[in-house]
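Below is one structure, written out as structure tokens, with a few remarks after it.
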Amino acid sequence: MATVVQAVRLALHVGEERLGVTDVFGQDVGPPLGGVFTQTQGLRTAWNSPLDERGIVGTAIGLALGGQRPVAEIQFCDYAFNSIDLLKLAGGICWSSAGDWNCPMVLMTPVGSGIRGSIYHSHSFDAQATRIPGWKIVMPSNPLDAYGLLLSAIADPNPVMFLVPKALMRAKAGPNERIPGEPDDDRALSRMIDAPLGDRSRWRADWPRVEDYFVPLGKARICREGRHVTVVTYGRMVPVAMTAAEQAATTGVETEVIDLRSLAPYDWDAIVTSVRKTNRVLFLNEDTDVTNFGEHLLRRTVEELFYELHAPPRLLAGAHVPGIGLADSLERASVPQVEKVAQSLRDLAGHAA
Amino acid sequence: MATVVQAVRLALHVGEERLGVTDVFGQDVGPPLGGVFTQTQGLRTAWNSPLDERGIVGTAIGLALGGQRPVAEIQFCDYAFNSIDLLKLAGGICWSSAGDWNCPMVLMTPVGSGIRGSIYHSHSFDAQATRIPGWKIVMPSNPLDAYGLLLSAIADPNPVMFLVPKALMRAKAGPNERIPGEPDDDRALSRMIDAPLGDRSRWRADWPRVEDYFVPLGKARICREGRHVTVVTYGRMVPVAMTAAEQAATTGVETEVIDLRSLAPYDWDAIVTSVRKTNRVLFLNEDTDVTNFGEHLLRRTVEELFYELHAPPRLLAGAHVPGIGLADSLERASVPQVEKVAQSLRDLAGHAA
Amino acid sequence: MHQGFRNVTTSPSREPGPVEEGALSTELLLRLHDVMLRSRCLEERLIRMNKQGDGFFWVGGPGEEALNASLGLLIHKGQGPLYDYLHFHYRSTATLAAMGADPVDVMRQMKNTATDPFSAGRNFVNHYSMRRWNVVPVSSPIEVQFTMAPGTAMANKRANGGAGRGITIVTGGDAGTAEGDFATCLQWCARPGQELPCLMIVENNRWGISTLTEGQHAERHIADRCKAFGIKSAVIDGNDPEIAYREVKRAMDYVRSERRPFLLEAMVSRLYGHSSASGANFVPDEVDCLVAFEKKLEDRKILTRQAMDELRARYTEQLLEASKRVREEPQPRGEAIWEHVFAETNLVGETAHEESNGADPGGVRNGSH
Amino acid sequence: MHQGFRNVTTSPSREPGPVEEGALSTELLLRLHDVMLRSRCLEERLIRMNKQGDGFFWVGGPGEEALNASLGLLIHKGQGPLYDYLHFHYRSTATLAAMGADPVDVMRQMKNTATDPFSAGRNFVNHYSMRRWNVVPVSSPIEVQFTMAPGTAMANKRANGGAGRGITIVTGGDAGTAEGDFATCLQWCARPGQELPCLMIVENNRWGISTLTEGQHAERHIADRCKAFGIKSAVIDGNDPEIAYREVKRAMDYVRSERRPFLLEAMVSRLYGHSSASGANFVPDEVDCLVAFEKKLEDRKILTRQAMDELRARYTEQLLEASKRVREEPQPRGEAIWEHVFAETNLVGETAHEESNGADPGGVRNGSH
Ligand SMILES: Cc1ncc(C[n+]2csc(CCOP(=O)(O)OP(=O)(O)O)c2C)c(N)n1
Ligand SMILES: Cc1ncc(C[n+]2csc(CCOP(=O)(O)OP(=O)(O)O)c2C)c(N)n1
Ligand SMILES: [Mg+2]
Ligand SMILES: [Mg+2]
């Protein structure tokens, strides 16, 4: 099965060959490295940029306005915070011109903690991103969604942010989550598209003939069905929620896990349907928990479903402190852990109707 | 009575003379203009900077680390979005160094709509600001608070954001809100500290002997007491809430209006006390309503006071679109208006216990 | 900053050839004058409208007509990467006038009517957007246009398999060059082997609102900054349309043919202050490019004073009449704020897909072709 | 970017005087060697620790010891604006070694122990913070230190009524100069009449992670960018401690006495790749400043091979022993994340208030005096 990082690479290849992608660029995106996570190895249109995030975002906007199809990368989302104004600008180009222009670009960036990245390789970007109107925002939790969401992002005529959880880069697809057309044998796939160590000057990727697979933007995925509690989450917290659901199940709590996948637009219907069923909901993400996107979802839930709630809806998110510390103990104390999530599920289920 | 902009000027003067302020700087902050809203006229330490927000924020950090007491201005908060990374950096200096360093700076910037500022002179900054740990954040709604909050901001050993609602710059203090020491006669005050039109090369401010008045950071103000509904708001929405409360009162709805004044730290006790009394709460601000600070307050309210709520708590905030349009009709449609607020109060009060 | 710029027409690094050559034809001089005059009359109407309460805010380019009229007449106008991409700031009135923009539309934006074709009443006046002429939406933040310019310049360079002649033109003020974004543009346009056909124009009026640039900038000429990057440049008197036209053309020809960047710094005037926020009153002590040019035309017997006065009276009258009609046009509906947050189709793909490698699925999928 | 830098010792604009003059005393050469060697042994220990799983990440400065040792020995070390403010990046190991930082503390940060005095286990190794020596917290984002440097340089310039000798020193890499923040530093340090005592050092190893700077940068020398601002500069071979020491001293003396900015570009090596993320393996094809210097010392009979080998063995042994002890030190408690979000007192006011005009209420009020 492809890993997330291989799925991203395959999607970008399809983008180049069939969806008109003209540029995959950013710091160390081109040869010889092909991305600090190997996500852009072997791509025909990949190139290295100067070390200048503002130049990367601005140039991507310009390329898009110039009729090209850029996929720009910010090496770590931690380094996108000097360009929030440009992201707002991109999100406002269609609106400010009253529909005269559109800006079809994809901004790709690794997010979140989980790799002992210390203060500046652990930031989340979902709360910041959802504050920027005019952008569509997606965040996969597995290889197949990474592939399908990235194809949709590329095909969309609007700016789309593709947030990749760092901690899941090497995560493999589940048994029935194979990318249509990928080889059955993992090692075969690796030999085809993973660049060798050492000299790569003569290496070329041998791309498998993967098929189109578009995950519609704005459509959630129910990863697990349950009657007692709903967890609304995305990205790196999806596997955490799944494990916690397993634990809760041992004490008879049946948890429904919703992987939102798209944060903008987001699948409100999926949330409503599930909360109507379970009457109890936990919003889960790893971004800091003051002015957090989960708080938006919770607010809307309270405003529209107040009388269906049998327990106070909850948010579990990251600690509102200036950074995530390097030490394991610090990282664990900063973002939601399985035990805490499982406990919250039990607490919520414990509330009588 | 002093206006907000005069109160800011008086506070900065006291800062220079008695609290060790060494620099009041930013674009057009120094002579001859003294600020695009006249807020820095006549100040001894005011100077003009290059047109470079990143340089302004970075230099303020450096001055603070160098033992100076800078008050830096971003001319409009709309232009601070290219420096979010630097604001995060400033907020993290103490934490990242485990308490070795602190960063005593004040960042002053006009916020919000209400002056027909169009797309780039109407942004709010409260949601963005509250996402940045390590900062204290204040936002006055009247001259006396502007004076008292700014003095406390200057005296604090941490970075403090002073967000001034553009639309209230010329708002006057209420009868018993005189700044201690300000002259009784407004025109006298104006003659003393407002720079004349035309040539100012020989003009000097004649400062009144205003006294110390510190509004503690983190302390809300109850602007109006009521039994039926609580409104938690700040800045420009305070007068809006007060007028709406008046209207609601005509139909027997008694509204309690809380002016938060400090967004970080915020006065949770004041909210709890009031909501315990009214059991109904509206959170009101003009920032865009996806991932909004009011949603944080609402979330916490739901988590901690769920069983005390007799009605679904509500948020009224700005429309989540890329900008605020120039036309009156567009601006009004983008941010909460009195009628809508009054209606929400009636709706909330309408819910039986 | 060095004050003797009025004597400076070109800096040592200016390329190629001397200034003196090639006088402009009478016909061209008349066209330049006509554009400058029409643009000035429009600005004065806009200022009047603002003072009468028709429109909340004015900003524009009176004092920059000589440069901008020249620029507008020389632009390779059209849609898509075979034509010039234009990243303007808020003082480009004369440029658009030269290109043929309808002054009534400008007044619509001034009055933020629903009929404003550039922003439907959303943006300030002189914040143009015209995709059919590659005019990228003008936005208020200073210098951000310099981060986008390399992107459209890449599109220009690739167009028609590299045989395209379109270039990217980006304009900005002097004070704004202190933003890191100006350096970004220099850096990205000069990448070795990846040089971009981008004409950067700094319209130096020596002010940033109330701040004299010479108090903040140590550069003798802002244009000197591009030398370290091997980018050619010129510093010119932008108040003389004859110099301006020749130098803009020279710079443009260089960028068009060499497919390399060029930085043109033009010394200009700011005749009505920064904007309506600073009163928008006429500043007597700055060179008025229109007055100076009209004197020349009179001395050279190309136009009589009377003819020019009549022309001015006619334009003023026409604009006044039009402004009355604009005043009657509808304001936007409040609900309109929800429109155009997202695009349904890939508009920018329309003219570009034949140049870009591969078809344009976004557009195709959304049936915009 | 131009490759012939090894021949270049100084650029035309380098000021003042020729390079040849003033050979270094034997004692100084020995000190330089000792610092370089200690620093290299420490880096090698840190890399080993990382490979053995003691510490998640390594980044440092092997290959920059000649320059950084010289810099560290010349810094005017102390607390407050009368002393040098230091805005370093993550390759300053030898600088801190020269200043006298305890290598055990560095290993503590490597192992993110609770005892790490720079960040209490929060930050990566070689991300120093030492207020008592004006070492501003090193942070990972590239180039942001260049936006802060003008601020501390203003404090230096004011200190002791303008009679202070402290300066601000800011270091960074070559690729990072593409960020607008580098231009910001040039702009702010050169303001006419407001020039700042700031020594900017670009440590040019020709790489940004996997990207060759010459492919992205058209500048023949990055230092050329300061010419437009009237800022003096030099480009030197940072791999030769004799050149480096002389040139750093020359630059520093200029900034200290003239109270003006200076940009020093030093060509250096990157001997273990970018960081542990790229393997942290020794790169044979780059000049090793320590090997070259030891050869010189041997040829000049200043030190014998044997003596140097023994010294290296001793340092290596000491560091190994210390690393074992560090491994036993406690890790931070999880709840520690809540500490130091806010400061209780105005620490930075302690030494500064006598220079700044007016007392320091924050500090006073919070009783820190
Ligand atoms: C990023 C940003 N900062 C500040 C402002 C406010 N502002 C508008 S115009 C201006 C001065 C611009 O000066 P210059 O670049 O010389 O252009 P000019 O107006 O003189 O033509 C400023 C500071 C802005 N619009 N954008
Ligand atoms: C703002 C920012 N962008 C990207 C990165 C990731 N990154 C870390 S080091 C580096 C390369 C820096 O190259 P250079 O400035 O030459 O310094 P060197 O590492 O070569 O000493 C990059 C891109 C970062 N740390 N900060
Ligand atoms: Mg100007
Ligand atoms: Mg480097």
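Protein sequence lines correspond, in order, to chains A, B, C and D. Residues in the first sequence are numbered consecutively from 1066, following the numbering used here. Residues in the second sequence are numbered consecutively from 1066, following the numbering used here. Residues in the third sequence are numbered consecutively from 244, following the numbering used here. Residues in the fourth sequence are numbered consecutively from 244, following the numbering used here. Where is the CB? At the ideal position from N, CA and C, for every residue including glycine. The structure displayed is predicted, hence computed values, not measured ones.
Margin query: With the cut-off set at 7 angstroms, would you say Ile1180/A and Pro380/C are in Cβ contact?
Written below: It is not a contact, given that the beta carbons lie outside the stated cut-off.
Next item on the list: Assess, as a yes-or-no matter, whether the segment 1152 to 1168 of chain B is touched by the segment 1102 to 1121 of chain B under the definition of 3 or more beta carbon pairs within less than 8 angstroms.
Entry: Counting Cβ pairs under 8 angstroms, fewer than three are found: no touch.
Margin query: Does the structure place the segment 394 to 407 of chain D close enough to the segment 335 to 353 of chain D that three or more beta carbon pairs sit under 8 angstroms?
Written below: For the pair of segments examined, the segment 335 to 353 of chain D was found not to touch the segment 394 to 407 of chain D: the number of CB pairs separated by less than 8 angstroms stays below three.
Next item on the list: Determine the direct distance from the alpha carbon of Ala1384/A to that of Ala1398/A, and round the result to whole angstroms.
Entry: Cα to Cα, Ala1398/A sits roughly 8 angstroms from Ala1384/A.
Item checked: Bridge-paired residues (DSSP) for Lys1237/B -> Answer by DSSP bridge pairing, in chain order: Thr1068/B.
Check: So does Arg451/D have its beta carbon nearer than 6 angstroms to some heavy atom of ligand 2?
Finding: Just to set this straight, residue 451/D is Gly in the shown sequence, not Arg. Flag set: Cβ of Gly451/D near ligand 2.
Margin query: Taking a contact to mean a Cβ-Cβ separation below 7 angstroms, would you say Glu308/C touches Met279/C in this structure?
Written below: The answer is yes: Cβ separation under 7 angstroms.
Next item on the list: Tell me whether Pro1401/B is buried or exposed, calling it buried when 16 or more other Cβ atoms sit within 10 Å of its Cβ.
Entry: For Pro1401/B, the number of other beta carbons within 10 angstroms of its own is at least 16, and it is reported as buried.
Check: What three-state label does DSSP hand Val1406/A in the structure shown?
Finding: If DSSP states are grouped into helix, strand and coil, Val1406/A belongs with the helices.
Next item on the list: Return helix, strand or coil for Glu451/D, following the three-state DSSP convention.
Entry: For the record, residue 451/D in the displayed sequence is Gly; it is not Glu. Here Gly451/D sits in strand by DSSP.
Item checked: Whole beta strand (DSSP E) elements within the segment 371 to 454 of chain D, 3-residue minimum -> Secondary structure in the segment 371 to 454 of chain D: the beta strand (DSSP E) runs of 3 residues or longer, each lying completely within the stretch, are 411 to 416, 441 to 447 in chain order.
Check: Excluding the five sequence neighbours on either side, which residues of its own chain have a C-beta within less than 7 angstroms of the C-beta of Met342/D, listed in chain order?
Finding: If the five residues before and after Met342/D are omitted, its C-beta is found closer than 7 angstroms to the C-beta atoms of Gly315, Ile318, Lys320, Trp376, all from its own chain and listed in chain order.
Margin query: Is Asp417/C near ligand 1 - that is, is its Cβ less than 6 angstroms away from at least one heavy atom of it?
Written below: Yes; taking the cut-off as 6 angstroms, the Cβ of Asp417/C has a heavy atom of ligand 1 nearer than that.
Notebook entry, point to check: Quick check: the segment 291 to 299 of chain D against the segment 466 to 474 of chain D, are there 3 or more CB pairs under 8 angstroms?
Noted result: Flag = no, the segment 291 to 299 of chain D and the segment 466 to 474 of chain D do not touch.
Notebook entry, point to check: Does DSSP classify Asp277/C as helix, strand or coil?
Noted result: Of the three classes helix, strand and coil, the one that applies to Asp277/C here is helix, per DSSP.
Notebook entry, point to check: Does the distance from the CB of His370/C to the CB of Ile452/C come in under 7 angstroms?
Noted result: Not a contact, by the Cβ cut-off of 7 angstroms.
Check: Going by alpha carbons, who is nearest to Ile237/D out of Tyr488/D, Asp496/D, Asp348/D, Asp417/D?
Finding: Beyond the ends of chain D as shown, which are 244 and 612, falls residue 237/D; an answer cannot be given.
Check: Is the shortest distance between the beta-carbon of Ile1202/A and the beta-carbons of chain B less than 7 angstroms?
Finding: At a cut-off of 7 angstroms between C-beta atoms, Ile1202/A does not count as an interface residue with respect to chain B.
Notebook entry, point to check: Should the segment 1332 to 1345 of chain A be called in touch with the segment 1204 to 1214 of chain A, which here means at least 3 C-beta pairs below 8 angstroms?
Noted result: With contact defined as three or more Cβ pairs closer than 8 angstroms, the segment 1332 to 1345 of chain A and the segment 1204 to 1214 of chain A are not in contact.
Check: In chain D, what lies closer than 9 angstroms to Asp1150/A by C-beta?
Finding: Here the premise fails: no neighbours, minimum Cβ distance about 12 angstroms.
Check: How would you list, in chain order, the residues of chain C whose beta-carbon sits under 8 angstroms from the beta-carbon of Leu1154/A?
Finding: Chain-order list of chain C residues neighbouring Leu1154/A: Ser382, Pro384, Val387, by C-beta distance under 8 angstroms.
Checklist line | Whether Asp1352/B touches Asp1191/B by CB criterion (7 angstroms) | finding: Judged by their CB atoms, Asp1352/B and Asp1191/B are nearer to each other than the 7 angstroms cut-off.
Note to self: I want to verify the contact list: residues of chain B whose CB lies under 9 angstroms from the CB of Asn1357/A, in sequence order.
What the structure shows: Close to Asn1357/A, with beta-carbon spacing below 9 angstroms, are these residues of chain B in chain order: Arg1196, Thr1356, Glu1360, His1361, Arg1364.
Check: Smallest Cα separation from Val387/D: which of Asn403/D, Ala421/D, Gly364/D?
Finding: Residue Ala421/D is the option with its Cα nearest to Val387/D.
Check: Looking only at DSSP bridge pairs, what is Met1173/B linked to?
Finding: Its beta-bridge partners are Glu1138/B, Phe1227/B.
Next item on the list: Verify the CB distance criterion: does Gly415/C have a CB-CB separation below 7 angstroms to chain D?
Entry: Contact with chain D is absent for Gly415/C, since none of that chain's Cβ atoms lies less than 7 angstroms from the residue's Cβ.
Notebook entry, point to check: In angstroms, rounded to a whole number, what distance separates the CA positions of Leu1391/B and Ile1184/B?
Noted result: The straight-line gap separating the alpha-carbon atoms of Leu1391/B and Ile1184/B is approximately 7 angstroms.
Checklist line | Members of the segment 1168 to 1191 of chain B near chain C, C-beta cut-off 9 angstroms | finding: Within the segment 1168 to 1191 of chain B, the qualifying residues are Ile1180, Arg1181, Gly1182, Ser1183, Ile1184, Tyr1185, His1186.
Next item on the list: Return the CA-CA distance between Met1173/A and Ala1145/A, expressed in angstroms with no decimal places.
Entry: Taking the Cα positions, Met1173/A is about 11 angstroms away from Ala1145/A.
Next item on the list: Tell me, please, which residues DSSP counts as bridged to Ala1382/B.
Entry: Per the DSSP secondary-structure output, Ala1382/B pairs with nothing in a beta bridge.
Next item on the list: Along the beta strand (DSSP E) that carries Ser1327/A, what are the first and last residues, could you check?
Entry: Boundaries of the beta strand (DSSP E) around Ser1327/A: 1327 to 1329.
Checklist line | According to DSSP, residues forming a beta bridge with Lys1201/A | finding: BP columns for Lys1201/A point to Val1225/A.
Next item on the list: Spell out the partners DSSP gives Ser476/D in its beta bridges.
Entry: Answer is Leu506/D.
Check: In chain A, what lies closer than 7 angstroms to Phe367/D by C-beta?
Finding: Near Phe367/D (Cβ distances below 7 angstroms), the residues of chain A are Ser1183, Leu1391.
Note to self: What residue range does the beta strand (DSSP E) around Ala1111/A cover?
What the structure shows: Judged by DSSP secondary structure, Ala1111/A falls within the beta strand (DSSP E) whose first and last residues are 1111 to 1113.
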